[in-house]
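The next block holds one structure in the form of structure tokens; read it before the comments.
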Amino acid sequence: EVDFVFDDSCKQAFDCLKKALTTTPIIQAPDWTVTFELMCDASNYALGVVLALRVDKLPRVIYYASKTLDAAQANYTTIEKELLAIVFSLDKFRSYLLGSRVIVYTDHAALKYLLKKAESKPRLIRWMLWL
42 EVDFVFDDSC KQAFDCLKKA LTTTPIIQAP DWTVTFELMC DASNYALGVV
92 LALRVDKLPR VIYYASKTLD AAQANYTTIE KELLAIVFSL DKFRSYLLGS
142 RVIVYTDHAA LKYLLKKAES KPRLIRWMLW L
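Heads up, the sequence shown is in the numbering used here, so the first residue is 42 and it goes up one at a time.
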């Protein structure tokens, strides 16, 4: 096992990356004529989402958001966490997305089968109805 060391050079590199990811040309104002894209992911500890639009086949970030899972959410199954990330992102970016076309990206293929599945957990059914 190796100790984690976060020294001054690591802090400097982190700050440089953070600045690059949160300023132009990475961060961009929304273009209401273009389809929005949501990229959602979940881990055992948090949710991470990105609201973007595609310009010249390249994604352009509008907004980043994340949320730490509480103790109950941390016990959710993987499919529940992935769907929670989608619900969180749609709720978080609601003002951007109302009346707009949206594409949602997730790395959890099983989510697409929820619409076809006859029986699911009540929580998943409520979230799917909310979508």
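Note that beta-carbon positions come from the ideal geometry of N, C-alpha and C, so glycine has one too.
Simplified DSSP assignment, three categories, for residue i
| i | result |
| --- | --- |
| ARG101 | strand |
| ALA93 | strand |
| PHE129 | helix |
| PHE77 | strand |
| ASP72 | coil |
| ALA56 | Per the sequence shown, the amino acid found at residue 56 is Asp instead of Ala. In this structure, ASP56 counts as helix in the three-state DSSP scheme. |
| SER50 | helix |
| THR109 | strand |
Whole-Å CB distance - residue i paired with residue j, under 8 Å assumed
| i | j | result |
| --- | --- | --- |
| TYR146 | CYS81 | 7 Å |
| GLN69 | ARG95 | Not quite, the Cβ-Cβ distance comes to about 11 Å (not below 8 Å), so this is no contact. |
| LEU79 | LEU125 | With a Cβ gap of about 13 Å, LEU79 and LEU125 do not count as contacting. |
| THR119 | HIS149 | 7 Å |
| LYS133 | ALA112 | Not confirmed; about 21 Å, so no contact. |
| LYS122 | ALA61 | With 8 Å as the limit, LYS122 and ALA61 do not qualify as a contact, their Cβ atoms being about 29 Å apart. |
| TYR86 | ALA115 | 7 Å |
Endpoints, alpha helix (DSSP H) assigned at residue i
| i | result |
| --- | --- |
| TYR137 | 135-138 |
| ALA113 | 112-115 |
Residue closest to residue i, alpha-carbon to alpha-carbon, out of the options
| i | options | result |
| --- | --- | --- |
| VAL91 | CYS57, ARG164, PRO163, ILE144 | ILE144 |
| ARG142 | TRP73, LYS122, ASN85 | TRP73 |
| PRO71 | LEU62, CYS51, ILE103, VAL43 | ILE103 |
| VAL75 | GLU121, VAL43, ILE67, ASP97 | ASP97 |
| PHE77 | ARG164, PRO163, SER130 | SER130 |
| LEU99 | ASP56, ASP44, PRO66 | PRO66 |
Start-to-end residues for the beta strand (DSSP E) that takes in residue i
| i | result |
| --- | --- |
| ILE144 | 143-147 |
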